[in-house]
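Using the working numbering, the first residue of the sequence shown is number 2, and each one after it goes up by one.
Idealized CB from N, CA, C, for every residue including glycine.
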Amino acid sequence: MDSALNTLSVDIGGTGLKLIVLDSNGAPLCDRKRVETPHPATPDAVLKALVELTLDVPVFSRISVGFPGVVRAGVVVTAVNLDENWPGTELGLQLEQLLHKPVKVANDADVQGYGCITGEGVEMVLTLGTGMGSALFIDGVLVPNLELAHHPLKKGLTYEDYVGRQALELIGKEKWVKRVKKVIRQTMPIWNWDLMHLGGGNAKLLKEVDLPEHVQLHSNKAGVLGGYYLWKSED
2 MDSALNTLSV
12 DIGGTGLKLI
22 VLDSNGAPLC
32 DRKRVETPHP
42 ATPDAVLKAL
52 VELTLDVPVF
62 SRISVGFPGV
72 VRAGVVVTAV
82 NLDENWPGTE
92 LGLQLEQLLH
102 KPVKVANDAD
112 VQGYGCITGE
122 GVEMVLTLGT
132 GMGSALFIDG
142 VLVPNLELAH
152 HPLKKGLTYE
162 DYVGRQALEL
172 IGKEKWVKRV
182 KKVIRQTMPI
192 WNWDLMHLGG
202 GNAKLLKEVD
212 LPEHVQLHSN
222 KAGVLGGYYL
232 WKSED
């Protein structure tokens with residue numbers, strides 16, 4: 002099999018580190034591999050864990066990374082749910098030096114969005130995990146680094162405070178589901194999206210929930226499957 006365009010797709014989360022190898026059409030070549038995110042989640046600890054995860058995967062020629070924060074030109078700007086030493090880390094360059102392959106890095110919700118969207122109209126992506134990620138696409142074109150999570154929502158709480166993992170553990174599933182529905186309603190008159198995609202590890206709690214029209218649930222696997230599209234324009 003020609004491995005020239007195989008992509009190692011990495012999803013860095015506050016709770017877990019995931020990766021998979023995708024072929025030249027974006028199809029998985031192996032099962033998704035996962036380990037718990039190291040604590041403390043320093044750059045060195047996370048990079049070491051990622052390198053160890055790659056020891057038993059198919060051959061790949063390039064790497065894409067979804068990171069839980071703002072990323073500009075491969076450099077981390079924010080990382081609220083990881084260690085305080087992440088801002089300023091040249092994640093793309095460091096991973097390239099460790100694995101000797103070209104690397105592209107983007108916000109994790111942006112990458113997950115690539116694995117979900119239809120490419121038509123205004124599409125919004127919310128990822129519900131340790132924190133809350135967000136992404137916006139217009140006819141398939143990404144509006145990068147939309148950090149809705151840290152915008153105030155209610156009584157001093159940000160969106161992430163309202164529906165992140167800590168809130169879920171504090172108030173329970175029933176109240177958390179109501180909060181998620183409120184967040185969906187809140188975003189509609191601001192962005193006037195045509196379709197909303199809900200992903201992330203906690204989206205599975207919404208499987209039996211009656212969600213508003215034009216809202217779709219997605220597996221957490223979209224976080225790694227979307228990594229293919231960071232390279233697709235160069236194929």
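Straight-line Cα distance separating residue 101 from residue 130: Each residue's alpha carbon lies about 31 Å from the other.
Buried versus exposed, by CB contacts within 10 Å (16 or more), residue 167: Classification of residue 167: exposed, given that the 10 Å Cβ count is below 16.
Straight-line Cα distance separating residue 215 from residue 149: C-alpha separation (whole angstroms): 20 Å.
Residue burial classification, residue 119 (beta-carbon count within 10 angstroms, cutoff 16): That one is exposed.
Distance between residue 191 and residue 152 (C-alpha atoms, nearest Å): Distance between the alpha carbons of residue 152 and residue 191: 13 Å.
Bridge partner(s) assigned by DSSP for residue 138: For residue 138, DSSP records a beta bridge to 124 and 143.
Cβ-based burial, residue 40 [other Cβ within 10 Å; buried from 16]: Exposed, by the Cβ-count rule.
Element boundaries [alpha helix (DSSP H), containing residue 71]: Membership of residue 71 in any alpha helix (DSSP H) is not indicated, and neither H nor E is assigned to it by DSSP.
Inter-residue Cα distance where the pair is residue 238 and residue 121: No information on residue 238 is available, as it lies outside the stretch 2 to 236 that the chain covers here.
Option nearest residue 220 by Cα separation, candidates 209, 81, 202 and 213: Among 209, 81, 202 and 213, the Cα nearest to that of residue 220 is on 202.
Residue range of the beta strand (DSSP E) that includes residue 37: It spans 34-37 - the beta strand (DSSP E) in which residue 37 sits, taken as one unbroken run.
Identified DSSP bridge partners for residue 8: Answer is 23 and 63.
Proximity of residue 109 and residue 69 at Cβ, strictly below 8 Å: At a Cβ-Cβ threshold of 8 Å, residue 109 and residue 69 count as neighbours.
Inter-residue Cα distance where the pair is residue 228 and residue 16: Rounded to whole angstroms, the gap between the alpha carbons of residue 228 and residue 16 is 19 Å.
Closest by C-alpha distance to residue 125, when choosing among 132, 136 and 99: Check the Cα spacing between residue 125 and each of 132, 136 and 99: the tightest is with 136.
Segment limits, beta strand (DSSP E) that includes residue 181: In the DSSP assignment, residue 181 falls outside any beta strand (DSSP E) and within the unbroken alpha helix (DSSP H) covering 174-192.
Residue 86 in three-state terms, based on DSSP: When secondary structure is reduced to three states using DSSP, residue 86 falls in the coil class, being assigned neither helix nor strand.
Distance between beta carbons of residue 93 and residue 75, contact taken as under 8 Å: Between residue 75 and residue 93, the beta carbon gap of about 3 Å places them in contact (Cβ cut-off 8 Å).
6 Å Cβ shell around residue 35 - same chain, five flanking residues per side excluded: Here residue 35 has 17 and 19 as same chain residues with Cβ atoms under 6 Å from its own Cβ, once five neighbours each way along the sequence are excluded.
Straight-line Cα distance separating residue 78 from residue 72: Just so you know, the alpha carbons of residue 72 and residue 78 end up roughly 6 Å apart.
Nearest residue (CA-CA) to residue 195, options 224, 37, 138 and 181: With distances taken between Cα atoms, residue 195 lies closest to 138.
Integer Cβ distance of residue 178 from residue 207, believed to fall under 8 Å: Contact flag correct, Cβ pair sits at about 7 Å.
DSSP state of residue 208 mapped onto helix, strand, coil: Residue state, collapsed to three classes: coil.
Simplified DSSP assignment, three categories, for residue 152: Correct three-state label for residue 152: coil.
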